[in-house]
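In this note's numbering, the protein residues as written are 1 to 305. All residues carry an ideal CB built from backbone N, CA and C; glycine is no exception. Keep in mind the model is a prediction, meaning the values are calculated, not measured. The structure under discussion appears below in the form of structure tokens.
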Ligand code: HSE
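Below, the structure written as structure tokens:
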């Protein structure tokens, strides 16, 4: 079979909320999925090959997120068959932005398959939010770094925020799949003014502390009352893992997105130690987990070739 067109796109994992920034703050992590999309001569539905995270459970055909996203961009009739090959490193259903990554990879691959961009990047980003529903994952996945985002009347407004170069991260991924839909069902429809103000104060101050690496108040600034307390029962060991991260020297720690992973900010070489401390804390709750250090990603979506 002959290749008629080909593109490779790489997309980062993302951690959102960062404690108080519920549905607003997001951070890109240097843990990437790489999608190669080829148009091969021949006919038939899209072919999907996946290696790594989700290789057993992710759908292979037209229902796959990457395929759906690329189809939104590509012409209805193509002179060949689409083949998607993805190397996945982002764990699924753990609050690390795997579905945002799949949608962004599919859209950017579709847009760049024939060399010239078929849509503006802003349009692609709005489409990604419309398809995936979580601007706080889509924005850092597209732009890299730390972002704040607002989705207003179908348009995404993103502000990149500074993050001090001394920060990197540690991620602990429990063997607990927690789909975002489920983790949102446990949230209250209404919150008290006291809790709203509690989060507002922290969400406003947190970016400044992350920009300046003023870590003294970071543990306080990463506290949350809008989602983490409601989700904690779904993630046995969550609070112990956060406490263990602090004891091991983390600068800040919180549930990653809607969970079940935990993300910790670290400075210097503390990543492995903090990750291991969180892993052990989960083990005490009979939850097996894996942990690894991770750098902040500053690139976002990348067209590799
Ligand atoms: N902010 C969203 C949530 C992220 O916490 O539900 C979903 O990944």
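>> Looking at residue 310: is its Cβ nearer than 7 Å to the Cβ of residue 78?
In response: The shown model of the chain, from 1 to 305, leaves out residue 310, and the question about it has no answer.
>> With H, G and I counted as helix, E and B as strand and the rest as coil, what does DSSP make of residue 114?
In response: coil
>> When you compare the CB positions of residue 129 and residue 138, do they come within less than 7 Å of one another, or not?
In response: yes
> Does any heavy atom of the ligand HSE sit closer than 6 Å to the C-beta of residue 257?
Replying inline: yes
> Relative to the ligand HSE, is the shortest distance from any of its heavy atoms to the C-beta of residue 184 smaller than 6 Å?
Replying inline: yes
>> Whole angstroms are fine: how far does the CA of residue 213 sit from the CA of residue 260?
In response: 26 Å
> By Cβ distance below 6 Å, which residues in the same chain neighbour residue 6 in space, the five residues on each side in sequence not counted?
Replying inline: 38
>> Is it buried or exposed, residue 200, if we count other Cβ atoms within 10 angstroms and call 16 or more buried?
In response: exposed
> So, using beta-carbon positions, are residue 146 and residue 156 closer together than 7 Å?
Replying inline: no
> Can you give the beta carbon distance from residue 301 to residue 48, rounded, assuming they're within the 8 Å contact cut?
Replying inline: No, residue 301 and residue 48 are not in contact; Cβ-Cβ is about 19 Å, not under 8 Å.
> With respect to 6 Å, is the separation between the Cβ of residue 224 and the closest non-hydrogen atom of the ligand HSE below this value?
Replying inline: no
>> Looking only at its chain, what residues have a beta carbon closer than 6 Å to the beta carbon of residue 22, apart from the 5 residues adjacent to it on each side?
In response: 226 and 227
>> Does residue 187 pass the burial test, meaning 16 or more other C-beta atoms within 10 Å, or should it be called exposed?
In response: exposed
> Comparing alpha-carbon positions, which option in 223, 90, 46 and 291 lies nearest residue 61?
Replying inline: 46
>> Taking the beta carbon of residue 303 as the centre, do at least 16 other beta carbons fall within 10 Å, making it buried, or is it exposed?
In response: exposed
> Taking residue 163 as the reference, which of 206, 110 and 192 has the closest Cα?
Replying inline: 206
>> Helix, strand or coil, according to DSSP, for residue 180 in the structure here?
In response: helix
> In angstroms, rounded to a whole number, what distance separates the CA positions of residue 279 and residue 241?
Replying inline: 7 Å
> Thinking just about the alpha-carbon of each residue, which of 101, 291, 220 and 298 is nearest to the one in residue 70?
Replying inline: 101
> CB-CB under 6 Å to residue 282, same chain, minus the five flanking residues each way: which ones, in chain order?
Replying inline: 174, 237, 241 and 289
> For residue 14, is the beta carbon positioned less than 6 Å from some heavy atom of the ligand HSE?
Replying inline: no
> According to the neighbour-count rule (16 or more other Cβ atoms, all chains shown, within 10 Å of its Cβ), is residue 35 buried or exposed?
Replying inline: buried
> Does at least one heavy atom of the ligand HSE sit under 6 Å from the Cβ of residue 344?
Replying inline: The requested residue 344 is not part of the displayed model; the chain covers only 1 to 305.
>> Would residue 277 and residue 251 qualify as a contact pair, given that the criterion is a beta-carbon distance under 7 Å?
In response: no
> Going by C-alpha distance, which of 171, 172, 126 and 144 is nearest residue 151?
Replying inline: 126
>> Report the CB separation of residue 258 from residue 180 in whole angstroms; it is logged as a contact under 8 Å.
In response: 4 Å
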